[in-house]
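This report refers to the structure that appears directly beneath it.
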Amino acid sequence: MVLVLAGQSRALAAFWNLSGDIAVHDPTIIKEGNSWYTFSTGPGIQVLKSDNGTSWYRVPQIFLSEPSWWNSAVPAQKDLDVWAPDVQRYNGKVWLYYSISTFGSNRSAIGLASANSVGAGQWKDEGLVLQSNTSNNYNAIDPELVIDASGNPWLAFGSFWSGLKIVKLDKNTMKPTGNIFSIAARPNNGGAIEAPSITYRNGYYYLFASIDSCCKGVNSTYKMVYGRSTSITGPYVDKNGVNMMNGGGTILDSGNVRWKGPGGQDVVNGNLIVRHAYDATDNGNPKLLISDLLWDGNGWPTY
Numbered sequence: 104m105v106l107v108l109a110g111q112s113r114a115l116a117a118f119w120n121l122s123g124d125i126a127v128h129d130p131t132i133i134k135e136g137n138s139w140y141t142f143s144t145g146p147g148i149q150v151l152k153s154d155n156g157t158s159w160y161r162v163p164q165i166f167l168s169e170p171s172w173w174n175s176a177v178p179a180q181k182d183l184d185v186w187a188p189d190v191q192r193y194n195g196k197v198w199l200y201y202s203i204s205t206f207g208s209n210r211s212a213i214g215l216a217s218a219n220s221v222g223a224g225q226w227k228d229e230g231l232v233l234q235s236n237t238s239n240n241y242n243a244i245d246p247e248l249v250i251d252a253s254g255n256p257w258l259a260f261g262s263f264w265s266g267l268k269i270v271k272l273d274k275n276t277m278k279p280t281g282n283i284f285s286i287a288a289r290p291n292n293g294g295a296i297e298a299p300s301i302t303y304r305n306g307y308y309y310l311f312a313s314i315d316s317c318c319k320g321v322n323s324t325y326k327m328v329y330g331r332s333t334s335i336t337g338p339y340v341d342k343n344g345v346n347m348m349n350g351g352g353t354i355l356d357s358g359n360v361r362w363k364g365p366g367g368q369d370v371v372n373g374n375l376i377v378r379h380a381y382d383a384t385d386n387g388n389p390k391l392l393i394s395d396l397l398w399d400g401n402g403w404p405t406y
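Residue numbers (the numbering used here): 104 to 406.
Structure below.
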């Protein structure tokens, strides 16, 4: 994802102190003018807004009713339950990818909405992008729009099953064209890998992912890992040279005494990382976390 950051003052504060309504799962963030918007899992895609990036309040959800194609793609989906959106501006429009599914199933679908402006709303349903079912070895959820070094759009996605995938998109339709590539998997760990986010920096594509168990409050074992590649389609290797297709991935954050199970991340412009974690000081409620993403002398990410 690409985003223009708020200002030089942010560079000194690795962990942003947030306030207001920050209850989220699987956040993605975009800045438009002086306003910040966070989209997240929930009924109709939940939306938070901020005038400074740190104090947040809830605004109306994106979908008030289900597009007609949802029920045919995922019949068990209900209650406007939308997962893991991703938002980005590309070619003069705002593109909002999202997924619909049910827990434990790979009968899933990725959809797309577009708008000329986040603030103005007026989102247009662009329909189905990609779907999976029991005949596929992947799960079509957790989409992430990625722009390669040449300005071409790609879609990364995946959860459990055979792992994380990426496919090139048509610049006009913003829907898949060509082959699906595998970029990360955990064959010996029950397939527990999801939420791909890719950023390009100094000749490398960096793949961030969430592994292990989400959505169990303070008992969550979710954690964020990463690897890098000189090609957007991989192979991605971690700091020890282990291919992420073979279970590799250097841990970026596995949580701490207060913040349990961090993950569902979105890496923005190589300078910012947003994610959710469960607050042990507040009954394990999931909350938004934002940090500046830093880089060590060997080109690896850190806080």
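Glycine included, each C-beta is placed from N, C-alpha and C at the ideal position. Note that this is a predicted model, so its numbers are computed, not measured.
Short of 6 Å from the beta carbon of residue 302, and not among the five residues preceding or following it, lie these beta carbons of its own chain, in chain order: 309, 370, 373.
Within the DSSP secondary-structure output, residue 247 pairs in a beta bridge with 259.
Annotated three-state conformation of residue 265 is coil, per DSSP.
Beta-carbon to beta-carbon, residue 333 and residue 306 are separated by about 6 Å, close enough to satisfy the 8 Å threshold. The C-beta of residue 397 has fewer than 16 other C-beta atoms within 10 Å across all chains shown, which makes the residue exposed. Taken through DSSP and simplified to helix, strand or coil, residue 327 comes out as strand. Membership of residue 298 in the beta strand (DSSP E) is indicated by the continuous run 296-304.
Cβ contact annotation for residue 170 (same chain, cutoff 6 Å, sequence separation greater than five): 228, in chain order. In the DSSP assignment, residue 218 falls within the beta strand (DSSP E) that extends over 211-218. In terms of CA proximity to residue 145, 130 leads the group 130, 277, 356.
Residues of the same chain with a CB within less than 8 Å of the CB of residue 122, apart from the 5 flanking positions on each side, are 157, 158, 159 in chain order. Contact check between the stretch 161-169 and the stretch 385-404: fewer than three CB pairs, one atom from each, fall below 8 Å, which does not count as touching. In this chain, the alpha helix (DSSP H) harbouring residue 175 covers 172-176. Looking at 202, 260, 210, the one whose alpha-carbon comes closest to that of residue 299 is 260. Taking all protein chains in view, the Cβ of residue 179 is surrounded by fewer than 16 other Cβ atoms within 10 Å, so the residue is classified as exposed. The alpha-carbon separation between residue 315 and residue 263 amounts to approximately 10 Å. The Cβ atoms of residue 241 and residue 265 sit closer than 8 Å to each other. Runs of alpha helix (DSSP H) with 4 or more residues, each lying fully within the stretch 113-182, are found at 172-176, listed in chain order.
When DSSP states are grouped into helix, strand and coil, residue 346 belongs to the strand group. If you draw a straight line from the Cα of residue 195 to the Cα of residue 219, it comes to about 7 Å. Contact between residue 321 and residue 352 is absent: CB atoms are separated by about 23 Å, not below the 8 Å threshold.
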